[in-house]
Every structure is written in C-alpha cells, then in structure tokens.
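A quick write-up on the structure given underneath.
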Amino acid sequence: MLFDTHVHLNVSHFDEDREEVIARAKEAGVEYMVIVGFDHETIPKAIELAEAYDHIYAAVGWHPVDAIDMTDKELDWLEELSAHPKVVALGEMGLDYHWDKSPKEVQKEVFRKQIRLAKKVKLPIIIHNREATEDIITILQEENASEIGGIMH
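The sequence shown runs contiguously to residue 384 in the working numbering.
Okay, structure coming up:
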C-alpha cells in the first residue's frame, strides 16, 4: 500500500487535470493521499477535495514563508477546521530560512503556536524544513511535539 502524505493538488497548477492526476495516482497504487493546505486559498480547496474523494484527506496549516500574515484570526480558523472529519493533520508548518518574506523570529512563533494548537486538538503535524533543521529540532523538543508526532520534509 502506498500513502502519499504530502500532496498539493489544491493549487491552481492542477486545475486543468486534477481528476486525471488523482486517477493516475490511484492506478499506480497510491491508495490514500493527504492534501496539504497552507494559506487562505489552498486550505478550503484541500478540504473540498477531501470531501469529494473517499481516499483523500486534508491537512490545514500556515506555511512559514507566509508566517508574517498569520494572525490569531487564522489560528482560530485552523482550530475550527481541525474538527472537520477529513482533516487528519495540522500543517504545513515549520521554518523556511531560504526566503526573506517572514522574519525568522515570526516564523518561530507561528510554528510554536501551530504545534500548541496541534497538541490541543490532538492531531499530528506536517513540518516544512528549509535550511532550518537546528531551530526546528530545538522548537520540537521545547514544545514536546513528540506527544503528537508527525512528518517532516
């Protein structure tokens, strides 16, 4: 059995052939997928697709590149969405030091808030790591994220 734990079939790039891509994955032996939402546009689309397919689930989170744009309103929204029966994880969250859009300290705080939310709602996390391994490991340890588990890419 194959389970793709991180797909972005919710982005506009797949608008023309999304159904065909899903069918090809299934034919290739991918039995389950998690579509990862990471902003205002992709999170609702991830849930919409999860509702449309029995073998697809959703994850909801705030991408570290856009951490500067996340407010308590977004965090409350993520908490509300986490109760959806097809939402199986929180993410994509983490740290991305490659791009300059969100300062490192803002990314760290947003990452911590999402880990705490995941612990509160008892869902695993999907971690985005780009050039930030040491800080991610430190935060995971400090926040005792092993309680909830998850995956990192």
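We treat Cβ as the ideally placed atom computed from N, Cα and C, and that holds for glycine.
Counting C-beta neighbours from all protein chains within 10 Å, is the total for residue i 16 or more, i.e. buried, or is it exposed?
i      : result
Gly380 : exposed
Leu233 : exposed
His294 : buried
Thr273 : buried
Gly322 : buried
Ser389 : Limits of the chain in this structure are 232 at one end and 384 at the other, which puts residue 389 out of reach.
Glu305 : buried
Ile368 : exposed
Hey, would you say residue i sits closer than 8 Å to residue j, going by beta carbons?
i      : j      : result
Ser333 : Val291 : no
Val337 : Ala289 : no
Ile346 : Glu310 : no
Asp327 : His359 : yes
Val341 : Met301 : yes
Val265 : His237 : yes
Ala376 : Leu354 : no
Asp303 : Val261 : no
Glu378 : Lys344 : no
Let me know the secondary structure DSSP gives residue i once reduced to three states.
i      : result
Phe342 : helix
Ile266 : strand
Ile368 : helix
Val242 : coil
Ile274 : helix
Starting from residue i and walking both ways along the beta strand (DSSP E), at which residues does that stretch end?
i      : result
Val238 : Leu233 to Val238
Ile358 : Ile356 to Arg361
Which residue comes first and which comes last in the alpha helix (DSSP H) that contains residue i?
i      : result
Ile253 : Arg249 to Glu258
| task | Kindly provide the ranges of any alpha helix (DSSP H) runs that are 4 or more residues long and lie completely inside the stretch 279 to 344, ordered along the chain. | result | If we require 4 residues or more, the alpha helix (DSSP H) runs fully inside the stretch 279 to 344 come out as 303 to 313.
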